[in-house]
Amino acid sequence: MHTANAESTAARIHRAYDKGWWSGLQSLVKRNRVALTVLAALAILLLGYSAKALLASTPDYMLVIDSGSTGTRLYAYTWRERRGKLPLLEAVSIRAARHKLPRRAAGDRRAYERLETEPGLDHYVDDPQGLQQRALHPLLEWAEAVVPRQQWRQTPLFLFGTAGLRKLAPEAQERLMTHIQGALADSAFRFEPSWARVISGVDEGIFGWIALNYLTGHLAPHPLTAPKSPLTDEAVAAAADQLSSSGSASRVRAAEHGLETVGALDLGGSSLEVSFVPSERPAADAEVNVTIMGVQYSLYTYVHHHYGLNDAFDRSVTLLLTRPSHFGGSEAVQQGQPLRFGLGNSGGSPGGLGIAAQRHRAGPGRQVLEAAGPEWISDPDLPALHHPCLFEGYDKSYRRMDYNGVAPDPPVVRLLGRPDWDACAKLAAAVVNASAPCSKPPCALGTPQLATSNKFYALTGFFVVYHFFGLQPSAGLAELENAARQFCATPWPVINATRGREIHVDRYCFRVPYVTKLLREGLGVPESQIQIGSGREGWTLGAALAEGSRVGVGQGIDISKSQAGIQGWGWGLGRSLGWLIWICAAAFSAVWLGLLLYTTSWQTCSPGRLLNRKTYDSSPLSSPTLASAASVNVPIAAKVYHGGAPIPSGGYPAGLLLANGPSRALSMPSDVDC
70 MHTANAESTA ARIHRAYDKG WWSGLQSLVK RNRVALTVLA ALAILLLGYS
120 AKALLASTPD YMLVIDSGST GTRLYAYTWR ERRGKLPLLE AVSIRAARHK
170 LPRRAAGDRR AYERLETEPG LDHYVDDPQG LQQRALHPLL EWAEAVVPRQ
220 QWRQTPLFLF GTAGLRKLAP EAQERLMTHI QGALADSAFR FEPSWARVIS
270 GVDEGIFGWI ALNYLTGHLA PHPLTAPKSP LTDEAVAAAA DQLSSSGSAS
320 RVRAAEHGLE TVGALDLGGS SLEVSFVPSE RPAADAEVNV TIMGVQYSLY
370 TYVHHHYGLN DAFDRSVTLL LTRPSHFGGS EAVQQGQPLR FGLGNSGGSP
420 GGLGIAAQRH RAGPGRQVLE AAGPEWISDP DLPALHHPCL FEGYDKSYRR
470 MDYNGVAPDP PVVRLLGRPD WDACAKLAAA VVNASAPCSK PPCALGTPQL
520 ATSNKFYALT GFFVVYHFFG LQPSAGLAEL ENAARQFCAT PWPVINATRG
570 REIHVDRYCF RVPYVTKLLR EGLGVPESQI QIGSGREGWT LGAALAEGSR
620 VGVGQGIDIS KSQAGIQGWG WGLGRSLGWL IWICAAAFSA VWLGLLLYTT
670 SWQTCSPGRL LNRKTYDSSP LSSPTLASAA SVNVPIAAKV YHGGAPIPSG
720 GYPAGLLLAN GPSRALSMPS DVDC
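Residue numbers (the numbering used here): 70 to 743.
Printed below as a string of C-alpha cells:
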C-alpha cells in the first residue's frame, strides 16, 4: 500500500515536471549556461556601444543672433564632440524648417543663405512689443522647429549687436538691450542676460579669425606640450628677450610650437576688420590674446571704420559733392546749399580712423536706406549728381548716411548714371586713399602695417562681390575687373529687368574697383598671399565656438535656466537616452545573473552527500541484492524540490526506482553532478 501510494505520487511529480515550462527553461539554462553567459556579455557590450553611438549621433546646438543695421539674423549650429579634436560645428540650413521661415521682402536675393527679419533692432528702441513679435519671434519660432524639444533648455542662445546697435546713443542702447534681454529670457532656450550685448569691431574681427582658422584646420585641437621642431639658439634667445620685455609667455609658446595660422580680411557693410598673427610684436593697444582649447594666440586686430561696402559708396557720393569735376562728376549740385559733414569722434579701433576716412566720412555708418532698396524714386527737385560708377539711364534718389545723430546737408540727393570706368576707378582709389600717411610707416589705410608672411583670406564683402559675378574664389582680380566692365556697359533698364531684384545691384560697378584697390594697394598685402573666402567663414561661427566652449556646450554640464523667477532644468535627448540604455544594460545584467545563480543552485547538496547520476545509471538494477532490497535511500538533501513536490528525507523506495527505471528515477533537476 505504501509502495503504491509512493508510485502514484512519483508519477504525478514526473508529469508535472515534464509539462512545466519553467522547469524546462531551467534545464535549458543549466545545460547551456556557459554559452548563454557569453551571449549576455556580448549583449551588454552591444548596448554600451549603442549608447555611445547614440550620444555621438545626437548633437548639441548653439544659437547666435547677429543684430546688424539692416536686419536681425539667426544662425543655428550643431555641435559634436570629437575625441582628441576640436568639436565639429555645422550650420543648420534654413531649409531645415522651411515652413517656419519669416516672409522676406519681395525679390530679396542675397549671396548668403540666412534667416533674417527686417529692419534692424535699432528701429525698436521704443517699441518692445514690435521687437518681440516682428523681429525676434519669427527667428525663435524657426529655432524651435530645428532644435529638438528635449534640448531647448540646454541650447545656449546668444545675441550680439554690431554696427546697427553701436551707433545708438548710450541711453537708447541700454534701453534697447533691456528689451532684448527680457524677450530672450522668455524664450524656450537657455539664456543669461550677459549673453545679449553689443560687441566692438575688434570682437567681430576676432570671431571672424577664429571661424576662418577653425574651418581651414589651423587651430590646435588641444594644448601643446612639446615643440613640433627643435629651435635654434637664436630663436630661443629672441623668445627669451620677448618674454622678459613683455612679461608674457605667449610669444615663447608661439615660437616653440611654430603654429601656422591664416589672416582674415573681413569686409562688412560699415567697416573692414584685419586680424592675423604678426611676425613682430604689435603695439600693446593692438594686441589681443585669444585662448582656444588651452592654446594662446597673440593677434593683431585692427578695425578700419567706414571702409565697408556701404560706407565706401556713401563716401564716394560725398567726394562727388565736394569735388565733382575731379572725378568726372556733375556740377549740378544746387548752389547755395552748404554741405555739412558730422565728423564726431569714432571709437572702437586702435588709433581711431585713418586720415582718408576722417577726411571723407559722412557719418557713422551702416545706416542705409533699407526700406526703399533698389526701388528708390527719382525726385526732380533734389540736388542732382552724376556718378561715374552708375549705369546709363540710372536715375534714383539716395539718402546719405548720418553720423552720431547729425544729418548731412543735403540729406538726400538725386543720383544720375554717367558710366565711365576710368573715372570710377579714380573715384574708388580716392575713397581707399592708400597713400594716407600714418605715425609709423609702413602704412596701410592710414595705420601702421605690421609685417607678416601669413596667407590671408578675403571674407564676407569680398566673397559677395565675387559671388555676384559668378566667379570662383580662385579667380584673379583681373578676371573680376573684366566681368565688371562688361556688366557695367549694360544700360540700366536691361539690368533692372533682369537683376533688379538683387540687393544693391546698382552698386557693383563701384564695388569692383573699390575692392581691387583695397586688395592691391590699400592693405599692403601681395595678391599672391590673398585667397577669396568661400562664404562659410562668417564671424558668428567663431562666436559659437568661442562662447559655446566657455559655457560648456558638449561637456555634459548641469543645465539650469531661470525664467520669470521660475527655476527649470532638463537633460538633453542624447544624454538622457544614453543613460537610459546604460541603466537597462545594468538591469539586464542583474536579472541574468540572478536567474543564472537561481537555476544553477536549484538543487543543493549537503556536504559530503553527492548525487552522481552516472553512478546510479551504471548500477546493476537487476542485481539480486538491489532487487531484493526493501528500499534504496538516495542521498540527497531533504529540502530539494522535485517538480514542485518535496522528496522524502529518507529517499525514494526501491520499488519506485525499479518501477521507473534508472533514467526516470534520477530524472530530476540535478541531471548534472551536484
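Ideal placement from N, C-alpha and C gives every residue a C-beta, glycine not left out. The structure presented is a predicted model; accordingly, all values stated were derived computationally and were not measured.
Closest by C-alpha distance to L592, when choosing among K236, Y535, F345 and H248 = F345
Below 8 Å on the Cβ atoms is my guess for R244 versus V267; work out the distance and round it to an integer in Å.
-> Actually they are not in contact, since the Cβ atoms of R244 and V267 sit about 13 Å apart, beyond 8 Å.
Per-residue DSSP class, three states only, for G286 = coil
Where H248 sits in the DSSP three-state scheme = helix
Could you pull the start and end residues of the beta strand (DSSP E) that Y371 belongs to?
-> V364 to H374
Hey, could you find the ends of the beta strand (DSSP E) D129 is sitting in?
-> D129 to S136
Which class does S385 belong to by DSSP, given the choice of helix, strand or coil?
-> helix
So A453 and R483 are in contact, right, with Cβ under 8 Å, and what is the actual spacing, rounded?
-> 5 Å
Provide the residue span of the alpha helix (DSSP H) that contains D491, from first to last.
-> W490 to V501
Can you tell me the Cβ-Cβ gap for I249 and L200, rounded? I've got them flagged as a contact below 8 Å.
-> 7 Å
Give me the Cβ distance between A280 and E606, rounded to the nearest whole Å; I'm assuming they're in contact under 8 Å.
-> 5 Å
Proximal residues to A289 (C-beta, below 7 Å), its chain only, five neighbours per side dropped | L328, M362 and V364
Other residues of its chain near L341: CB distance less than 6 Å, five sequence neighbours each side excluded | H373 and Y376
Segment limits, alpha helix (DSSP H) that includes Q555 | L546 to C557
How big is the Cα-Cα spacing for L228 and P506?
-> 38 Å
Span separating the alpha-carbon of W561 from that of L485 | 11 Å
Please state whether DSSP places S466 in a helix, a strand or coil.
-> strand
Tell me, which residues are paired with Y144 by DSSP?
-> V133
Beta-bridge partners of D191, as assigned by DSSP = D191 pairs with nothing; no bridge assigned.
DSSP bridge partner residues for G277 (one or two, in chain order) = G277 pairs with nothing; no bridge assigned.
Rounded C-alpha distance that separates F537 from W148 = 31 Å
What residues in its chain sit with their C-beta under 8 Å from that of P262, if we drop five residues either side in the sequence?
-> Q250 and A254
DSSP-derived helix/strand/coil call for F17 = The requested residue 17 does not occur in the structure, where the chain is confined to residues 70 to 743.
Determine which residues share a DSSP beta bridge with R259 and list them.
-> P225
Just the C-alpha distance for G411 and W211, rounded to the nearest angstrom, thanks.
-> Residue placement at G411 is flagged as unreliable, the pLDDT there being 33, under the threshold of 50; the coordinate-derived value follows with that caveat. The alpha-carbon atoms of G411 and W211 are separated by roughly 41 Å.
Proximity winner among A513, E596, P197 and F460, relative to C493 (alpha-carbon distances) = F460
Since I believe A613 is in contact with M131 (beta carbons under 8 Å), could you give me their beta-carbon distance rounded to a whole number of angstroms?
-> 4 Å
Below 6 Å CB to CB, which residues in the same chain sit around A241 once its five sequence neighbours on both sides are set aside?
-> V194
Nearest to I601 by alpha carbon, out of Y366, L336 and P351?
-> L336
Q223 versus R384: straight-line alpha-carbon distance, rounded | 46 Å
Can you tell which of K154, V343 and S348 has its C-alpha closest to the C-alpha of H287?
-> K154
Taking the C-alpha atoms as reference points, what is the distance between G413 and E150?
-> With a pLDDT of 31 at G413, under the threshold of 50, the modelled position of that residue is not reliable, and the figure given next carries that caveat. Distance between the alpha carbons of G413 and E150 is about 47 Å.
Would you grab the beta carbon distance between V501 and L388 for me? Rounded to a whole angstrom, and I think it's under 8 Å.
-> V501 to L388, Cβ: 11 Å. No contact.
Just the Cα atoms here: how many angstroms apart are N60 and R469?
-> Outside the modelled stretch of the chain, which goes from 70 to 743, sits residue 60, for which no answer is possible.
Using three-state DSSP, classify Q344 as helix, strand or coil.
-> Sequence inspection shows Ser at residue 344; the Gln mentioned does not correspond to that position. In the structure shown, S344 sits in a strand (DSSP, three-state: E or B).
Per-residue DSSP class, three states only, for V594 | coil
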